[in-house]
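Q: Below you will find the structure I want to go over with you.
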């Protein structure tokens with residue numbers, strides 16, 4: 003390999019690292035104690051919806067993938083181990099039936 007190719011490769015890698023680092027700085031993550039608004043979602047009929055009990059309960063949102071049925075088991079097991087009271091906990095499941103191999107009527 004020529005030095006020119008190695009130098010150009012190094013410059014490209016350095017630019018990629020810088021671009022990645024800049025994007026990490028712009029991540030909009032919530033911090034502890036920050037007040038969050040209930041996000042606006044769309045339901046299965048494309049109607050506006052919100053997350054029930056947002057801000058008043060411990061909420062877990064689990065994405066159910068029909069091709070990997072046990073993918074969320076570690077999260078479910080950890081949540082069950084916490085033994086939250088039913089008055090303080092809400093679990094919500096999300097599924098993408100449109101792109102699933104499972105028929106929509108299930």
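In the numbering used here, the protein residues as written are 3 to 108. Every residue, glycine too, gets a C-beta built ideally from N, C-alpha and C. Keep in mind that this is a model prediction, so the values were computed, not measured.
1) Under 8 Å Cβ to Cβ from residue 15, same chain only, skipping five residues before and after it: list those, please.
2) State the DSSP-derived secondary structure class of residue 46, mapped to helix, strand or coil.
3) When DSSP builds the beta bridges, which residues end up paired with residue 94?
4) Taking only three categories from DSSP, how would you classify residue 89?
5) Pick helix, strand or coil for residue 31, following the three-state DSSP scheme.
A: With the given structure in hand:
1) Within the chain shown, residue 15 is the residue found at index 13, counting from 1. Closer than 8 Å at the Cβ level, and outside the excluded window around residue 15, lies no residue.
2) Position 44 of the chain shown, counted from the first residue, corresponds to residue 46. Reduced to three states, the DSSP call for residue 46 is coil.
3) Taking the first residue of the chain shown as 1, we reach residue 94 at position 92. Looking at the DSSP output, residue 94 bridges to 63.
4) Your numbering for residue 89 matches position 87 in the chain shown. In the structure shown, residue 89 falls within a coil segment according to DSSP collapsed to helix, strand and coil.
5) In the chain shown, residue 31 corresponds to position 29, counting from 1. If DSSP states are grouped into helix, strand and coil, residue 31 belongs with coil.
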